[in-house]
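A.B. asks: Dumping the structure here so I can ask a few things about it.
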């Protein structure tokens with residue numbers, strides 16, 4: 001039986017600012033914007049090609065502080081193309097990095113090994129995302 005990750009909740013302080021960042025700047029698909037009343041609103045967005053969505057809003061419960069989501073990974077098959085896209089869209093990021101002797105080092109992993117190169121960026125609330133290059137998934 002498959003167990004599939006459906007949604008990651010990103011705690012934010014300003015729903016409109018988050019929508020603008022994820023949809024207008026990052027280019028994630030807007031799946032749903034549901035607000036049955038003034039105390040509850042949920043927005044669901046999905047990265048291109050992903051089966052897992054990101055949810056943020058107001059009245060979602062849980063008491064999680066905005067900006068407390070750390071280290072969630074997005075996977076791409078071309079880290080240099082992803083970096084260029086982030087740069088073109090004005091998203092501050094770390095640039096490609098890889099581990100060398102246990103330390104993060106600027107640049108793409110020399111052998112382009114899967115799971116070897118990362119880019120980090122934050123949303124406006126400080127939720128931290130990692131973009132990781134994986135060209136060949138193990139099945």
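Residue numbers (UniProt numbering): 1 to 139. No residue lacks a Cβ here, since even glycine has one placed at the ideal position from N, Cα and C. Note that this is a predicted model, so its numbers are computed, not measured.
(1) For residue 74, does the count of other Cβ atoms within 10 angstroms reach 16, so buried, or fall short, so exposed?
(2) Which residues bound the alpha helix (DSSP H) around residue 41?
(3) Leaving aside the five residues before and after residue 31 along the sequence, list all residues of the same chain whose C-beta is less than 8 Å from its C-beta, in chain order.
(4) Count the other C-beta atoms from every protein chain shown that fall within 10 angstroms of the C-beta of residue 17, then say buried if there are 16 or more, exposed otherwise.
(5) Going along the chain, which residues of its own chain have a beta-carbon closer than 8 Å to the beta-carbon of residue 97, five neighbours each way excluded?
(6) For residue 108, which of helix, strand or coil comes out of DSSP?
(7) Closer than 8 Å by C-beta to residue 41: which residues in its own chain qualify, once you throw out the five before and the five after it? Chain order, please.
(8) Taking only runs of the beta strand (DSSP E) that begin and end inside the UniProt domain "VOC" (4-134), which ones reach a length of at least 3 residues, in chain order?
(9) Just how far apart, CA to CA, sit residue 95 and residue 6?
(10) Since I believe residue 67 is in contact with residue 114 (beta carbons under 8 Å), could you give me their beta-carbon distance rounded to a whole number of angstroms?
(11) Closest by CA to residue 129, which one among 101, 11, 99 and 110?
(12) Given this structure, state the Cα-to-Cα distance separating residue 70 from residue 9, to the nearest angstrom.
(13) Short check: CB of residue 21 to CB of residue 92, under 8 Å?
C.D. replies: Straight from the coordinates:
(1) Counting C-beta atoms within 10 angstroms of its own C-beta, residue 74 has 16 or more neighbours from the protein chains shown and is therefore classed as buried.
(2) Per DSSP, residue 41 lies in no alpha helix (DSSP H) segment; the continuous beta strand (DSSP E) that holds it begins and ends at 40-46.
(3) Excluding sequence neighbours, residue 31 sits near 44, 45, 46 and 53.
(4) Taking a 10 Å sphere around the C-beta of residue 17, we find fewer than 16 other C-beta atoms and assign the residue as exposed.
(5) Hits under 8 Å: 104, 105, 106, 107, 117, 118, 119 and 120.
(6) Residue 108 sits in coil when the DSSP states are folded into three classes, being neither helix nor strand.
(7) Cβ within range, chain order: 15, 33, 34, 35, 57, 58 and 59.
(8) Within the UniProt domain "VOC" (4-134), the complete beta strand (DSSP E) segments of 3 residues or longer fall at 7-9, 29-37, 40-46, 53-58, 72-76, 97-100, 103-106, 117-122 and 128-133, listed in chain order.
(9) Rounded to whole angstroms, residue 95 to residue 6 spans 28 Å at the Cα level.
(10) So it is not a contact: roughly 30 Å between Cβ atoms.
(11) That would be 11, whose Cα lies nearest to the Cα of residue 129.
(12) Roughly 11 Å between the two C-alpha positions.
(13) One thing to note: residue 21 has its Cβ no nearer than 8 Å to the Cβ of residue 92.
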